[in-house]
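Next up, the structure:
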């Protein structure tokens, strides 16, 4: 139920709807899309990536001297959880040995394990929380794949390049777009129930920045559907795939030839360090939404703390595009309990429109995400002041969802968006009858560990797939390309890493790079009390946390999250 | 009990301080004072716990945070997801982060979409006494019993349709007097539906044929070699399907 004081604004949305509907049905754009100059303008003035203090040069490691997102730089310039000297015995007698270690049990990780098994290679999946506790589980709207006759993989390529401001790595975008249709079929054969037309063809919709309808979907629960299918398949191969839950990796292990040779895990249950010796390693740890960059609420799952970046960076892998953050244009802002929750872009793909407090459109509803978000922030900024305040102190704009049933017919919203409907029903808001209040929410790590089309990094034996990798999206990902990303590259990583495992010979294993990292921190005069990877964010109230830390003294934290200075709404940056 | 909580200002869409009323909740029997608008998950964190088991996506998709609770003056044992259920005065709660059960190991390629498969893979399903406890337990409000009945009839597509929004928290399986693993039956039936009961897409077959025959190679090579200026122009000039 919306509070009284919003009635006037809600009435404005109702009042403008008939004219907006007429325009939507006419086939013309409901608002003029921006040209190149307008896009640049709104981005540089309003996108959070361009705000003062959003980036700073990193002082250590392979990207030394480059500007990175400030929170990322801080996290990389932090202490390791392990004391290398004390690891010797664990390295002499590893706790586990495997042909392939996959770090992260989300979509990319499961795909890698399945593909390696198809290739006859046994693997171990070590994951921080449960299998499937990943952003994969949460994607709602759809996956891009050029399956229609009017579309083509090359057209998809052009859309993705334009969305990424032509900075994407072309070879990666090519395999992303060209593998797309095959991923659709492969998933279907594993038992994913796609939304289909009566004739069996895929139902396709628009997403932000698409020039053809290309979004395939599973109602508004594509992630949960794919994730549960992949997880189920992983569990059907207990002889080939060994899964370890609540055992996140905290450092990589190399050998004396500089090859990646495993990882150090940290058991969240027993607080033990466990070593894994592996012929090859795939990082599928996902992104970093739980760093709450610039204090933004996030759509991300609990464990999205960018651990893979930290481990790979210390081992010497280069990062790409780590100066760019994706804010999803439509995170919920009301009610407060679901602030930051994702409201799928499929709502706009189906005709939903962002409106200001007067019920007027102020942006083309399907601009690429960075543009759309910047336009919403501009509308709410003091420059325009056309946003709507919530009584919990947030602001936002309307997302007109009732127009969807008027376009597609009654009942469409309830059937196509069961997840979002349920989310709002809990609070007495029927989105088929009333609009939602939204504001951009921290959503996606555009960049990551640099890879090639075989998912290889600059370290032999280290592969990366999914959100943890960087290059395919440039500095802005389009909707539906991350679901495609983890499917395409997870499968590829499983293939290429398992092939590599068949022939590689490992030397003596060590964690010397962790010692070197500690020395570099000292050499650069970096004084920090932060321990990373963060593993989990801390939402403990400040007074409780201070007492917990007092108990810990100067000893590295029991869990690094207890030392986490990243908490929503309270950035305690002392730098 | 009145207390205030403060939120800071930092250009992320928030700009006011907020006053919050507090309520009493009993987390595994121990009283804590938490903000009245908190979800169960936020309340547990407000009480100073670092959740390790019992939180996943935090938005109602993953089923990590199944919770049982009772309310004052109410005999009923309620269920909810901690991430999206609000606290109430006097709520007594316990999280159920894991439900013991055995997922059957099977080869999807060797199954058929019918009652025989359910009988073979999850025979316990047929112990259903239609008591409806599973439906009452579902925090998603799904008519779980209806899909278990459909599974027994071999109506696999109906199971997939009803169980579509299942978050696999396992609370149904925990409460079931017949010890059925409802959510796993749901996942099996969804996979059977996607694999065997779909209508094939001819359009997709054609596209896969085109890709296999390397139809797009020349176009890709041209685009990938293209100067950024030319590519930019091509992009902004491209037609957009209405």
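Residue numbers (this note's numbering), protein chains in the order written: chain A, 299 to 873; chain B, 13 to 254.
Positions of the beta carbon are idealized from the N, C-alpha and C atoms, including for glycine.
Task: Start-end ranges of the alpha helix (DSSP H) lying completely within the stretch 439–501 of chain A, minimum 4 residues - done: Those alpha helix (DSSP H) runs which fall completely within the stretch 439–501 of chain A and span 4+ residues are 451–461, 468–488.
- [ ] Would you identify the three-state DSSP class for residue 564/A, choosing helix, strand or coil?
- [x] The three-state reading of DSSP puts residue 564/A in strand, counting E and B together.
Task: Buried versus exposed call for residue 648/A [16 or more other C-beta atoms within 10 Å across all chains shown] - done: Residue 648/A should be labelled buried.
Task: Nearest-angstrom Cα separation, counted from residue 108/B out to residue 40/B - done: Taking the straight line from one Cα to the other gives about 11 Å.
Open item on the list: Quick check on DSSP: helix, strand or coil for residue 422/A?
Closed with: In the structure shown, residue 422/A sits in a strand (DSSP, three-state: E or B).
Task: Partners in chain B for residue 299/A, counting only beta-carbon separations shorter than 9 Å - done: Going along chain B, no residue has its Cβ under 9 Å from residue 299/A, so there is no contact; the nearest lies around 14 Å.
Open item on the list: How far does the beta strand (DSSP E) with residue 748/A in it extend, from its first residue to its last?
Closed with: Taken as a continuous stretch (DSSP letters only), the beta strand (DSSP E) holding residue 748/A covers 746–748.
Open item on the list: For a contact defined as C-beta to C-beta under 8 Å, what are the partners of residue 436/A on chain B?
Closed with: Those within 8 Å of residue 436/A in chain B are 69, 71, 73, 74.
- [ ] Below 6 Å CB to CB, which residues in the same chain sit around residue 566/A once its five sequence neighbours on both sides are set aside?
- [x] Apart from sequence neighbours up to five positions away, the residues of its chain that approach residue 566/A with a beta-carbon distance below 6 Å are 544, ordered along the chain.
TODO: Identify, in the order they occur along the chain, each residue of the same chain with its Cβ nearer than 8 Å to the Cβ of residue 874/A, setting aside the five sequence neighbours on each side.
DONE: No statement about residue 874/A is possible, as the shown extent of chain A runs from 299 to 873 and does not include it.
TODO: Determine the chain B residues that contact residue 498/A at a beta-carbon separation under 8 Å, and present them in chain order.
DONE: Going along chain B in sequence order, the residues near residue 498/A (Cβ under 8 Å) are 210, 211, 212, 213, 214.
TODO: Would you please verify whether the beta carbon of residue 806/A is less than 8 Å from any beta carbon of chain B?
DONE: Using beta-carbon distances, residue 806/A does not count as an interface residue toward chain B, since no partner is under 8 Å.
Task: Those residues which DSSP pairs with residue 362/A across a bridge - done: According to DSSP, residue 362/A bridges with nothing at all.
Task: residue 523/A: first and last residue of the uninterrupted alpha helix (DSSP H) it sits in - done: Here the alpha helix (DSSP H) through residue 523/A covers 520–533.
TODO: Would you decide whether residue 852/A is buried or exposed? Buried here means 16 or more other CB atoms lie within 10 Å of its CB.
DONE: In this prediction, residue 852/A scores a pLDDT of 47, lower than 50, which makes its location untrustworthy; the coordinate-derived value is nonetheless stated afterwards. Residue 852/A should be labelled exposed.
Task: Ordered list of beta strand (DSSP E) runs contained in the stretch 682–724 of chain A, each at least 3 residues - done: Within the stretch 682–724 of chain A, complete beta strand (DSSP E) segments of at least 3 residues are found at 693–698, given in chain order.
- [ ] List the residues of chain A whose Cβ lies closer than 7 Å to the Cβ of residue 98/B, in chain order.
- [x] Correct list: 635.
TODO: Determine the direct distance from the alpha carbon of residue 501/A to that of residue 495/A, and round the result to whole angstroms.
DONE: Across the structure, residue 495/A and residue 501/A are spaced so that their CA atoms are roughly 5 Å apart.
Task: Whole runs of the alpha helix (DSSP H) within the stretch 77–145 of chain B, excluding any shorter than 4 residues - done: For the stretch 77–145 of chain B, whole alpha helix (DSSP H) runs of length 4 or above, ordered along the chain, are 127–133.
Open item on the list: Among the candidates 674/A, 828/A, 675/A, 705/A, whose CA atom is the shortest distance from the CA of residue 323/A?
Closed with: If you compare the alpha carbons of 674/A, 828/A, 675/A, 705/A with that of residue 323/A, the shortest gap goes to 705/A.
TODO: Kindly list, in the order they appear in chain B, the residues whose Cβ is closer than 9 Å to that of residue 716/A.
DONE: In chain order: 176, 177.
TODO: Have a look at residue 525/A and residue 306/A and give me their C-alpha separation to the nearest angstrom.
DONE: If I take the Cα positions, the gap works out to 42 Å.
Task: Three-way DSSP call (helix, strand, coil) for residue 845/A in this model - done: In the structure shown, residue 845/A sits in a helix (DSSP, three-state: H, G or I).
Task: Beta-carbon proximity list for residue 92/B, same chain, < 6 Å, skipping 5 on both sides - done: Closer than 6 Å at the Cβ level, and outside the excluded window around residue 92/B, lie 79, 151.
Task: For residue 651/A, the first and last residue of its enclosing beta strand (DSSP E) - done: Unbroken beta strand (DSSP E) run through residue 651/A: 651–653.
- [ ] Look at residue 688/A and residue 439/A and say whether their C-beta atoms are less than 8 Å apart.
- [x] Taking the C-beta atoms as reference points, residue 439/A is found no nearer than 8 Å to residue 688/A.
Open item on the list: Within a Cβ cutoff of 6 Å, which residues of the same chain sit near residue 871/A, ignoring the five residues on either side of it in sequence?
Closed with: Its pLDDT being 34, under 50, residue 871/A is placed unreliably in this model, and the value from its coordinates should be taken loosely. Hits under 6 Å: none found.
Task: Identity of the residues DSSP links to residue 739/A by a beta bridge - done: Residue pairing from DSSP places residue 739/A in a beta bridge opposite 626/A.
Task: Nearest to residue 609/A (by Cα), restricted to the options 725/A, 407/A, 467/A, 760/A - done: Considering only 725/A, 407/A, 467/A, 760/A, the residue with the shortest C-alpha distance to residue 609/A is 760/A.
Task: Under 8 Å between C-beta atoms of residue 771/A and residue 462/A - done: Yes, these two residues count as a Cβ contact at 8 Å.
TODO: Return the bridge partner residues of residue 401/A from the DSSP annotation.
DONE: According to DSSP, residue 401/A bridges with 424/A, 581/A.
TODO: Measure the CB-CB distance between residue 604/A and residue 585/A and report whether it falls below 8 Å.
DONE: For the 8 Å CB-CB criterion, residue 604/A and residue 585/A form a contact.
Open item on the list: Using a Cβ distance threshold of 8 Å, determine whether the stretch 41–57 of chain B contacts the stretch 820–830 of chain A, with at least three qualifying pairs required.
Closed with: No, the stretch 41–57 of chain B does not touch the stretch 820–830 of chain A.
TODO: Kindly list, in the order they appear in chain B, the residues whose Cβ is closer than 7 Å to that of residue 448/A.
DONE: Within chain B, the C-beta atoms nearer than 7 Å to that of residue 448/A come from 253, in chain order.
TODO: Indicate whether at least one CB of chain A lies closer than 8 Å to the CB of residue 120/B.
DONE: Answer yes: the Cβ-Cβ gap between residue 120/B and chain A drops below 8 Å somewhere.
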